[in-house]
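Going by UniProt numbering, the sequence shown opens with residue 1, and the numbers climb by one from there.
Note that beta-carbon positions come from the ideal geometry of N, C-alpha and C, so glycine has one too.
All values reported here derive from a predicted model rather than from experimental measurement.
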Amino acid sequence: MITCGIVGVTGYAGMELLKLIGKHPEFTLVRAMSDSSAGSTLAELYPWLEIGNLTLEPFQVDALNQIDVIFLATPSGVSAQYVAQLTGYEGVVIDLSGDLRLPASSYETWYGKPAVPASLQAQAVYGLTEWNRDAVKTADWIANPGCYATAVALGLLPFVNGGWIDPNEIIVSACSGITGAGKGLSAKTHHARSNENVQLYKVHTHQHIPEIEQTLYAVSGTQATVSLSTHLLPINRGIMATMSVVPTIEQSEADWVHVLTEAYAGEPFIRVQQGEPEIRTAVGSNYCDIWVYADTRTNRLTIVSVIDNMQKGAAGQAIQNANVRFGLNETAGLNEQPQYI
Numbered sequence: 001m002i003t004c005g006i007v008g009v010t011g012y013a014g015m016e017l018l019k020l021i022g023k024h025p026e027f028t029l030v031r032a033m034s035d036s037s038a039g040s041t042l043a044e045l046y047p048w049l050e051i052g053n054l055t056l057e058p059f060q061v062d063a064l065n066q067i068d069v070i071f072l073a074t075p076s077g078v079s080a081q082y083v084a085q086l087t088g089y090e091g092v093v094i095d096l097s098g099d100l101r102l103p104a105s106s107y108e109t110w111y112g113k114p115a116v117p118a119s120l121q122a123q124a125v126y127g128l129t130e131w132n133r134d135a136v137k138t139a140d141w142i143a144n145p146g147c148y149a150t151a152v153a154l155g156l157l158p159f160v161n162g163g164w165i166d167p168n169e170i171i172v173s174a175c176s177g178i179t180g181a182g183k184g185l186s187a188k189t190h191h192a193r194s195n196e197n198v199q200l201y202k203v204h205t206h207q208h209i210p211e212i213e214q215t216l217y218a219v220s221g222t223q224a225t226v227s228l229s230t231h232l233l234p235i236n237r238g239i240m241a242t243m244s245v246v247p248t249i250e251q252s253e254a255d256w257v258h259v260l261t262e263a264y265a266g267e268p269f270i271r272v273q274q275g276e277p278e279i280r281t282a283v284g285s286n287y288c289d290i291w292v293y294a295d296t297r298t299n300r301l302t303i304v305s306v307i308d309n310m311q312k313g314a315a316g317q318a319i320q321n322a323n324v325r326f327g328l329n330e331t332a333g334l335n336e337q338p339q340y341i
C-alpha cells in the first residue's frame with residue numbers, strides 16, 4: 001500500500017484528490033493538511049464523501065516521514081513556500097501548481113511571483129504523462145501540467161512533433177469552467193457576473209502560454225509560438241481548446257485523423273473522438289477527447305481538445321503520474337466514465 005498526503009485539501013483540486021485517492025486500490029491517505037482549516041475533520045468539511053475522518057493538520061515537514069507521496073494542491077506562489085521546506089523529504093512530491101513548471105525568469109515574468117530556487121526547479125520532471133512517461137517513472141519531483149496547457153499540448157504535439165504544421169501559425173481559443181479559477185472568489189467568478197455570461201480574460205497573457213511553448217519544444221525540438229485567448233464559461237468544470245493551424249503538406253482529413261490515432265495508439269486516456277466535440281464527454285473522467293478538421297478552403301486545420309480541468313487538467317493527471325511513478329497500472333483509480341448528464 002502506498003501512503004499519501006495532501007497539502008491544500010480544502011481547495012477544489014484537493015477535494016478531487018480526496019475522491020480519487022479514496023477509491024484507489026493501492027493508495028491510502030494518511031495526512032490531510034491545511035494551514036487555514038487545521039483542527040477540522042474531513043467529515044466536517046465533506047460530509048457527503050465516504051473518505052474516512054482524518055483531522056486536518058497544519059503543514060509540518062516532520063509529519064511527512066514514512067509517507068510515500070505528497071500532493072501539493074495549493075495555488076501558485078503558495079506551493080513554493082512548501083517546496084522550499086521539502087528539500088530533504090525522501091518521498092515523491094507532485095505539485096499541482098505552476099511553481100515547478102517554468103525556469104525562474106520565465107516564471108517570474110508570467111506569474112509575477114518569486115520563483116523557487118533554480119536548482120530545485122531543474123530537478124522537477126514535467127508530468128504530461130503521455131509524452132514524458134519514461135522520465136516520470138523515476139522522478140522524485142513532478143510538476144503536474146496546467147489545465148489549459150494539458151488540453152492544448154495534447155492536441156498540438158502529434159502535429160508539431162511530426163513537422164506537420166507551421167509552428168509560428170498556432171492560434172488557440174480555449175474556454176474553461178469556473179473551477180479553473182480556483183476556490184477564491186473574484187469579481188469575474190461571482191455568480192451574478194459569471195452566470196449566463198461568457199468572459200474573455202488574460203488575452204495573450206495567460207501563464208500557461210510559456211508552458212505550452214516549452215512543452216512543444218521539449219518534445220519536438222521545434223520552437224513554436226502560440227497565440228492563446230482564454231474564456232470563462234458559466235459551468236463548473238471542463239475545458240475545450242480549439243486550435244487553428246497551418247499544415248505544411250496537403251492531405252485529406254482522414255489522413256490528419258490518422259496522425260492523431262497513430263500518435264495516441266494504446267494511450268488509455270486519449271480518445272480520438274469522431275463527431276462534434278462536447279465538454280460533457282470528458283467531465284467527470286480523466287479522458288482527453290481530440291479531433292481534427294481540415295478546411296480545404298482556407299488551407300487550415302482545426303484541432304479540438306476537450307478535458308475535465310479538475311481531472312485530466314489537475315487531480316486525475318496527478319494520480320496518473322503517481323501510478324506511473326510507483327509502477328502501478330496507469331489507469332488505477334481512474335476508471336470513472338464521463339458523467340455527461
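Original post:
Taking the alpha helix (DSSP H) that residue 370 falls in, what are its first and last residues?
Top reply: The structure shown does not extend to residue 370, since the chain is modelled only from 1 through 341, so no value can be given for it.
Original post:
For Ala151, which of Thr138, Trp164, His208 has the nearest alpha-carbon?
Top reply: Position 151 of the sequence shown, counting from 1, holds the residue named residue 151. Closest option to Ala151, Cα to Cα, is His208.
Original post:
Does the separation of the CB atoms of Gly14 and Ile2 fall below 8 Å?
Top reply: Translated into the one-based positions of the sequence shown, residue 14 becomes position 14. Translated into the one-based positions of the sequence shown, residue 2 becomes position 2. No, the pair does not count as a contact, with Cβ atoms beyond the cut-off.
**OP:** Could you pull out every residue in the same chain whose Cβ sits closer than 7 Å to the Cβ of Gly8, ignoring the five residues on either side in sequence?
**Re:** What you label residue 8 is simply residue 8 of the sequence shown in a count that begins at 1. In chain order, Gly14, Ser34, Leu72, Ala73, Thr74 place their CB closer than 7 Å to the CB of Gly8, counting only its own chain and leaving out the 5 sequence neighbours on each side.
Original post:
Roughly how many angstroms separate the alpha carbons of Ala139 and Ala124, rounded to a whole number?
Top reply: On the sequence shown, position 139 is the one that residue 139 refers to. On the sequence shown, position 124 is the one that residue 124 refers to. C-alpha of Ala139 to C-alpha of Ala124: approximately 7 Å in a straight line.
Original post:
Is DSSP giving Gly98 helix, strand or coil here?
Top reply: The sequence position of residue 98 within the sequence shown is 98, counting from 1. In this structure, Gly98 counts as coil in the three-state DSSP scheme.
**OP:** Please work out which residues of its chain come closer than 7 Å, Cβ to Cβ, to Ser305, disregarding the five sequence neighbours upstream and downstream, and give them in chain order.
**Re:** Residue 305 sits at position 305 when you count from the first residue of the sequence shown. Ala151, Val152, Leu154, Gly155, Ala241, Cys288, Ile290, listed in sequence order.
**OP:** Sort out for me which residues DSSP pairs His231 with in a bridge.
**Re:** Stepping through the sequence shown from its first residue, residue 231 is reached at position 231. Partner(s): Cys175, Leu200.
Original post:
For Asp166, which residues does DSSP report across the bridge?
Top reply: For the purposes of this step, residue 166 is identified with residue 166 of the sequence shown, where counting begins at 1. For Asp166, which the question treats as bridged, DSSP gives no partner whatsoever.
Original post:
So, using beta-carbon positions, are residue 345 and Asp308 closer together than 8 Å?
Top reply: The question about residue 345 has no answer, for the chain in this structure spans 1 to 341.
Subject >> Cβ-Cβ separation, Trp110 to Leu120 (assumed contact under 8 Å), whole Å >> reply: On the sequence shown, position 120 is the one that residue 120 refers to. On the sequence shown, position 110 is the one that residue 110 refers to. In fact, because the Cβ distance is near 18 Å, the residues do not count as touching under 8 Å.
Original post:
Is it the case that the Cβ atoms of Gly333 and Lys137 are separated by a distance below 8 Å?
Top reply: Your numbering for residue 333 matches position 333 in the sequence shown. Your numbering for residue 137 matches position 137 in the sequence shown. Taking the C-beta atoms as reference points, Lys137 is found no nearer than 8 Å to Gly333.
**OP:** Determine the DSSP secondary structure at Asp289, reduced to helix, strand or coil.
**Re:** Looking up residue 289 in the sequence shown gives position 289. Note: Asp289 maps to strand in three-state DSSP.
Subject >> Cβ-Cβ distance between Val172 and Trp141 below 8 Å >> reply: As a first step, residue 172 must be located in the sequence shown, where it is residue number 172. As a first step, residue 141 must be located in the sequence shown, where it is residue number 141. Contact check for Val172 against Trp141 fails: the beta carbons are separated by 8 Å or more.
**OP:** Under 8 Å by Cβ, that's how I've got Val198 and His231 pegged, so tell me the actual separation to the nearest angstrom.
**Re:** Taking the sequence shown and counting its residues from 1, one reaches residue 198 at position 198. Taking the sequence shown and counting its residues from 1, one reaches residue 231 at position 231. The pair is a contact, with the Cβ atoms about 6 Å apart (cut-off 8 Å).
Original post:
Any contact of the segment 294-304 with the segment 315-323, i.e. 3+ C-beta pairs under 8 Å?
Top reply: At 8 Å Cβ cutoff, the stretches do not touch.
**OP:** Mind checking who Pro158 pairs with in its DSSP beta bridge?
**Re:** If you number the sequence shown from 1, residue 158 lands on position 158. As computed with DSSP, Pro158 is found in no beta bridge at all.
**OP:** Indicate whether Val116 and Val69 have their beta-carbon atoms separated by less than 8 Å.
**Re:** For the purposes of this step, residue 116 is taken as the residue at position 116 of the sequence shown. For the purposes of this step, residue 69 is taken as the residue at position 69 of the sequence shown. Their beta carbons are not under 8 Å apart, which means Val116 does not touch Val69 by this criterion.
Original post:
Does the separation of the CB atoms of Tyr12 and Gly182 fall below 8 Å?
Top reply: Along the sequence shown, one-based indexing puts residue 12 at 12. Along the sequence shown, one-based indexing puts residue 182 at 182. It is a contact, given that the beta carbons lie within the stated cut-off.
Original post:
Expressed to the nearest angstrom, what Euclidean distance is found between the alpha-carbon atoms of Leu17 and Met310?
Top reply: The residue you call residue 17 lines up with position 17 of the sequence shown. The residue you call residue 310 lines up with position 310 of the sequence shown. C-alpha separation (whole angstroms): 9 Å.
Original post:
Roughly how far, in whole angstroms, is the beta-carbon of Pro234 from the beta-carbon of Glu330, given that I think they are within contact range, below 8 Å?
Top reply: Counting from one through the sequence shown, the residue named residue 234 turns up at place 234. Counting from one through the sequence shown, the residue named residue 330 turns up at place 330. Not really, about 34 Å apart at Cβ, beyond 8 Å.
**OP:** Compute the beta-carbon to beta-carbon distance between Ser229 and Leu200, rounded to the nearest angstrom, for a pair I have assumed lies under 8 Å.
**Re:** On the sequence shown, position 229 is the one that residue 229 refers to. On the sequence shown, position 200 is the one that residue 200 refers to. Contact holds; Cβ gap of about 7 Å.
Original post:
Where do the N-terminal and C-terminal ends of the alpha helix (DSSP H) with Ser194 fall, by residue?
Top reply: Here residue 194 is taken as the residue at index 194 of the sequence shown, counted from 1. Ser194 -> alpha helix (DSSP H) spans 191-194.
**OP:** Give the DSSP bridge partners of Asp295, in chain order.
**Re:** Start at 1 with the first residue of the sequence shown, and residue 295 comes out as number 295. For Asp295, which the question treats as bridged, DSSP gives the partners Arg300.
Subject >> CB-CB length for Leu20 against Gly316, believed under 8 Å >> reply: Counting from 1 along the sequence shown, the entry for residue 20 is found at position 20. Counting from 1 along the sequence shown, the entry for residue 316 is found at position 316. Yes, they are in contact, since the Cβ atoms of Leu20 and Gly316 sit about 7 Å apart, within 8 Å.
Original post:
Excluding sequence positions up to five away, which residues of its chain have a Cβ less than 8 Å from the Cβ of Ser176?
Top reply: For the purposes of this step, residue 176 is taken as residue 176 along the sequence shown, with counting starting at 1. The answer, listed in chain order, is Cys147, Tyr148, Thr230, His231, Leu232, Leu233, Gly238, Ile239, Asn309.
Original post:
Nearest CA to the CA of Leu96: which residue from Gln85, Ala104, Ser79, Glu108?
Top reply: Taking the first residue of the sequence shown as position 1, residue 96 is located at position 96. Nearest of Gln85, Ala104, Ser79, Glu108 to Leu96, Cα basis: Ser79.
**OP:** Measure the C-alpha to C-alpha separation of residue 409 and Tyr340 and round it to an integer number of angstroms.
**Re:** Lying before the first or after the last residue shown, residue 409 is absent from the chain, which here runs from 1 to 341.
**OP:** Jot down the residue ranges of each uninterrupted alpha helix (DSSP H) in the segment 109-135, minimum 4 residues, whole runs only, in chain order.
**Re:** The alpha helix (DSSP H) runs lying completely inside the segment 109-135 and spanning 4 residues or more are 118-123, given in chain order.
Original post:
Quick one: Cα of Glu90 to Cα of Asn65, how far?
Top reply: Taking the sequence shown and counting its residues from 1, one reaches residue 90 at position 90. Taking the sequence shown and counting its residues from 1, one reaches residue 65 at position 65. Distance between the alpha carbons of Glu90 and Asn65 is about 8 Å.
Original post:
Arg325 bridges to which residues according to DSSP?
Top reply: As a first step, residue 325 must be located in the sequence shown, where it is residue number 325. Arg325 pairs with nothing; no bridge assigned.
**OP:** State buried or exposed for Val272, treating a residue as buried only when at least 16 other CB atoms are found within 10 Å of its CB.
**Re:** The residue you call residue 272 lines up with position 272 of the sequence shown. Looking at its Cβ environment, which holds 16 or more other Cβ atoms inside 10 Å, Val272 is buried.
**OP:** Would you identify the three-state DSSP class for Thr215, choosing helix, strand or coil?
**Re:** Position 215 of the sequence shown, counting from 1, holds the residue named residue 215. In the structure shown, Thr215 sits in a helix (DSSP, three-state: H, G or I).
Original post:
With which residues is Met33 paired in a DSSP beta bridge?
Top reply: Reading the sequence shown from its first residue, position 33 is the one you call residue 33. Per the DSSP secondary-structure output, Met33 pairs in a beta bridge with Val7, Glu57.
**OP:** Pull up the DSSP beta-bridge partners for Val245, would you.
**Re:** The residue you call residue 245 lines up with position 245 of the sequence shown. Bridge partners of Val245: Leu301.
**OP:** For Cys175, verify whether its CB is less than 7 Å away from any heavy atom of the ligand FMN.
**Re:** Inclusion of the ligand FMN in the displayed structure is not the case, the ligand content being empty and no account of it being possible.
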